[in-house]
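K.L.:
Protein chains: 2
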Amino acid sequence: MDIAWIGTGIMGAPMARRLMGAGHRLRVFNRSIEKARALQADGARLASSAAEAATDADAVFIMVPDTPDVEAVVGQIGPVLRSGAVVVNMSTVAPAAERRIAAYLAERGADYLDAPVSGGDVGAQEGTLAIMVGASRPEAFERVRPLLELLGKRITLMGEVGAGQITKLANQVAVVLALEGAAEAIALARAAGLNPARMVEAIGSGAAASWQLANLGPKIIAADYQPGFFIKLMRKDLRLVAGAALESGVALPGVAMMASMFNAAAAVGHDLDGTQAVAAALERISRAA
Amino acid sequence: MDIAWIGTGIMGAPMARRLMGAGHRLRVFNRSIEKARALQADGARLASSAAEAATDADAVFIMVPDTPDVEAVVGQIGPVLRSGAVVVNMSTVAPAAERRIAAYLAERGADYLDAPVSGGDVGAQEGTLAIMVGASRPEAFERVRPLLELLGKRITLMGEVGAGQITKLANQVAVVLALEGAAEAIALARAAGLNPARMVEAIGSGAAASWQLANLGPKIIAADYQPGFFIKLMRKDLRLVAGAALESGVALPGVAMMASMFNAAAAVGHDLDGTQAVAAALERISRAA
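Chains as they are written, first to last, in this note's numbering: chain V, 6 to 294; chain G, 6 to 294.
The structure is reproduced here in structure tokens:
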């Protein structure tokens, strides 16, 4: 398959590399072109624009930061896409925007998948991402499924275009509240004079168990805020959640609180730290109290 | 060992039964005496008061609903305890009350352990509880450890008296926020028209994974509010968390929010349902919005 890959950042580059490793020919483009150049060594052809990368491609993958970035890429590639091409957006963006993009591409005879991922840069490198898919047609999903299987371990077709994004946003909702649970449990244990690592060990295999407690709990305790996933990006995702909640008329009080917590963490300098730095914001609030 | 067991409710009865199953002689007492009678068939001697049960006992176990209940039991058994006895409170109560009780018993030559549990009635029956222990002296813990090992799988000595309770409260903090994450993720998915069970499956093995999502998520989806753990008891536990947080000067905004959510669930008739019924309160809020 002739594949175009747009967006070769911390997630996109290792994902593109996995496709090449399986023998696929890739044309790659990135707005900061230096980040794409490293892929040339692996056999990628460097394109000078998204449109050049997408011309005559069978499949176009997009992995960029935010909704306007995806819209800009689609605007550029739309006019050059060959009929029957499949565009696969793996960025996390607004579900409503996805439905508009799918309609725009359908007019040009192209299929569209929203296929956001969970699992971070390690998952991207190891091909163990969870991929949550919405598709313009199930046939389009089947066509690119072998490619997705090179990138992820658990690939779920959730429904029509937008369903992948909703699933990813639901993922983030469960993530941030479990994280806050870990942060507040640790804050309480520590303030009361307990050894917080021992506390995490004592409670970590029962009803309190979570990926967040097991993986980010020790980092919170060590004040190790090295990013697995940036607070800045989680703030973006929670804005998308708020938009989707408003659109479908559902109240999410925990999400509203967590948006405030992450904003507070950003305000005290942690926007480019990992999500676990929300514990630092919690500490600031306690010191002020 | 001569053992007294005070409190033979949904947790206490199966725990007492496990000790008898290992060959220990038990004298049991329960305020509603009918609940203790069932244990006679297993060989327990029925006492007509907590004091009668505790007289000459080597160890006294307490498993009752709340702080005043434990204080009442201790007030009754204090005068009759033999010197060198160990009192083990497995109820979840206020850490500050535990420290007062330990001081009162120390004057009478008795040791005290706060040893609250996690794992529910199933854990009580199967002897797989997590037990979080604070002890007046490590030697007192060692003396009853073989008994605790009949009741639980993971038994952690956390520190001095009160440390067990703080650990249990930290457990509840992590529990309720992970539960809210599951409830809000499901609410979002459902409101946006997704199959919520499929969503849980798609996100359930990555960064969003939690015991709450895996075990209570399906119940939330099915609106199955059969209690594993009563909302009423969780509301009590969150009041204890609020007290402990105030005492140690730590801000826990997520806990404050969850106290409101569980109060709302109680207000709309779910106080004697399982904690997963917090999802019903969330739905009410959405319908009102």
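Glycine included, C-beta positions come from ideal geometry on N, C-alpha and C. In this text, all values refer to a predicted model and were calculated from it rather than measured experimentally.
Using the beta-carbon count (16 or more within 10 Å), is V/A288 buried or exposed?
P.N.:
Taking the first residue of the first sequence as 1, we reach residue 288 of chain V at position 283. One detail in the question is off: residue 288 of chain V reads as Glu in this sequence, not Ala. Burial state of V/E288 is buried, judged by a 10 Å Cβ sphere holding 16 or more other Cβ atoms.
K.L.:
Taking DSSP as the reference, what is the three-state secondary structure of V/N268?
P.N.:
By 1-based counting over the first sequence, the position of residue 268 of chain V is 263. Residue state, collapsed to three classes: helix.
K.L.:
Closer than 9 Å by beta-carbon distance: list the chain G residues that pair up with V/L238, in chain order.
P.N.:
If you number the first sequence from 1, residue 238 of chain V lands on position 233. In chain order: nothing, as chain G lies at least about 13 Å away.
K.L.:
In chain order, what residues of the stretch 159-176 of chain G put their CB closer than 7 Å to some CB of chain V?
P.N.:
R159, T161, M163, G164, A168, I171, T172, L174, A175 and N176
K.L.:
According to the neighbour-count rule (16 or more other Cβ atoms, all chains shown, within 10 Å of its Cβ), is G/D278 buried or exposed?
P.N.:
Counted from its first residue, the second sequence places residue 278 of chain G at position 273. By the 10 Å Cβ count, G/D278 comes out buried.
K.L.:
Does the beta-carbon of V/E154 have 16 or more other beta-carbons within 10 angstroms, so that it is buried, or is it exposed?
P.N.:
What you label residue 154 of chain V is simply residue 149 of the first sequence in a count that begins at 1. The residue is exposed, with fewer than 16 neighbouring Cβ atoms inside 10 Å.
K.L.:
Starting from the beta carbon of G/I226, find every residue of chain V whose beta carbon is closer than 7 Å, and list them in chain order.
P.N.:
Counting from 1 along the second sequence, the entry for residue 226 of chain G is found at position 221. Per Cβ cutoff of 7 Å: no residues; G/I226 is ~12 Å from chain V at best.
K.L.:
Cα-Cα, which of G/A59, G/G186, G/T13 and G/R30 is closest to G/G222?
P.N.:
Translated into the one-based positions of the second sequence, residue 222 of chain G becomes position 217. If we check each option's Cα against that of G/G222, G/G186 comes out closest.
K.L.:
Does G/A101 get closer than 8 Å to chain V when you measure Cβ to Cβ?
P.N.:
Within the second sequence, numbered from 1, the residue matching residue 101 of chain G stands at position 96. It does not; no Cβ of chain V falls within 8 Å.
K.L.:
Could you give the DSSP three-state label for V/N200: helix, strand or coil?
P.N.:
Position 195 of the first sequence, counted from the start, is the residue given in the question as residue 200 of chain V. Three-state result, V/N200: coil.
K.L.:
For G/A187, return the contacting residues in chain V, with the cut-off set at a CB-CB distance below 7 Å.
P.N.:
In the second sequence, counting from the first residue as 1, residue 187 of chain G sits at position 182. Contact annotation for G/A187 against chain V: A179 [CB-CB distance below 7 Å, chain order].
K.L.:
How should V/R32 be labelled, buried or exposed, when 16 other C-beta atoms within 10 angstroms of its C-beta is the threshold for buried?
P.N.:
Here residue 32 of chain V is taken as the residue at index 27 of the first sequence, counted from 1. Burial call: buried.
K.L.:
Answer yes if the stretch 105-116 of chain V comes into contact with the stretch 178-195 of chain G, meaning at least three C-beta pairs across the two stretches below 8 Å, and no otherwise.
P.N.:
no
K.L.:
Is it buried or exposed, V/S123, if we count other Cβ atoms within 10 angstroms and call 16 or more buried?
P.N.:
One-based indexing of the first sequence puts residue 123 of chain V at position 118. V/S123 should be labelled buried.
K.L.:
Is there a Cβ of chain V sitting closer than 8 Å to that of G/W298, yes or no?
P.N.:
Only positions 6 to 294 of chain G appear in this structure, which leaves residue 298 of chain G out of reach.
K.L.:
Cutting at 8 Å between CB atoms, please list the residues of its own chain near G/M204, excluding the five before and the five after it.
P.N.:
For the purposes of this step, residue 204 of chain G is identified with residue 199 of the second sequence, where counting begins at 1. Closer than 8 Å at Cβ, skipping near neighbours: A190, I191 and A194.
K.L.:
Could you spell out the range, first to last residue, of the alpha helix (DSSP H) harbouring V/G222?
P.N.:
Taking the first sequence and counting its residues from 1, one reaches residue 222 of chain V at position 217. Counting along the chain, the alpha helix (DSSP H) containing V/G222 begins and ends at W216 to I226.
K.L.:
Listing by chain order, which chain G residues have their CB less than 9 Å from the CB of V/L156?
P.N.:
Translated into the one-based positions of the first sequence, residue 156 of chain V becomes position 151. None at all; the shortest Cβ gap to chain G is about 14 Å.
K.L.:
Can you pull the DSSP bridge partners for G/A188?
P.N.:
Start at 1 with the first residue of the second sequence, and residue 188 of chain G comes out as number 183. DSSP, once it has assigned bridges, lists no residue as partnering G/A188.
K.L.:
Below 8 Å on the Cβ atoms is my guess for G/L243 versus G/Q177; work out the distance and round it to an integer in Å.
P.N.:
The residue given as residue 243 of chain G occupies position 238 in the second sequence. The residue given as residue 177 of chain G occupies position 172 in the second sequence. Confirmed, Cβ separation roughly 7 Å.
K.L.:
Report yes if the C-beta distance between G/V300 and G/A90 is below 8 Å; otherwise report no.
P.N.:
Any property of residue 300 of chain G remains undetermined from this structure, which presents chain G solely from 6 to 294.
K.L.:
So G/D116 is in the beta strand (DSSP E); what residue range does that whole segment cover?
P.N.:
By one-based count along the second sequence, residue 116 of chain G stands at place 111. From DSSP, the beta strand (DSSP E) with G/D116 extends over D116 to D119.
K.L.:
For chain V, check one thing: does any of its Cβ atoms lie closer than 8 Å to the Cβ of G/V127?
P.N.:
Counted from its first residue, the second sequence places residue 127 of chain G at position 122. For G/V127, the answer is no, since every Cβ of chain V falls outside 8 Å of its Cβ.
K.L.:
Compare the C-beta of G/M262 against all C-beta atoms of chain V and say whether one is closer than 8 Å.
P.N.:
For this step, residue 262 of chain G is matched to residue 257 along the second sequence. True, the Cβ-Cβ gap to chain V drops below 8 Å.
K.L.:
For G/R203, would you say it is in contact with chain V, using Cβ-to-Cβ distances shorter than 8 Å as the test?
P.N.:
Position 198 of the second sequence, counted from the start, is the residue given in the question as residue 203 of chain G. G/R203 counts as touching chain V.
K.L.:
Any C-beta of chain G within less than 9 Å: which residues of the stretch 95-123 of chain V qualify?
P.N.:
P100 and S123
K.L.:
On the premise that G/A18 lies in contact with G/A43, defined as a C-beta separation below 8 Å, what is that separation, rounded to the nearest angstrom?
P.N.:
Position 38 of the second sequence holds residue 43 of chain G. Position 13 of the second sequence holds residue 18 of chain G. With a Cβ gap of about 7 Å, G/A43 and G/A18 count as contacting.
K.L.:
Just to confirm the assignment, what range does the alpha helix (DSSP H) spanning G/M16 have?
P.N.:
Along the second sequence, read from residue 1 onward, the residue named residue 16 of chain G stands at position 11. It is not in any alpha helix (DSSP H) - G/M16 carries neither H nor E in the DSSP assignment.
K.L.:
Within its chain, find whatever has a CB closer than 8 Å to the CB of G/K224; leave out the 5 residues flanking it on each side and keep chain order.
P.N.:
For the purposes of this step, residue 224 of chain G is taken as the residue at position 219 of the second sequence. Same-chain partners within the cutoff: Y230, Q231, G279 and Q281.
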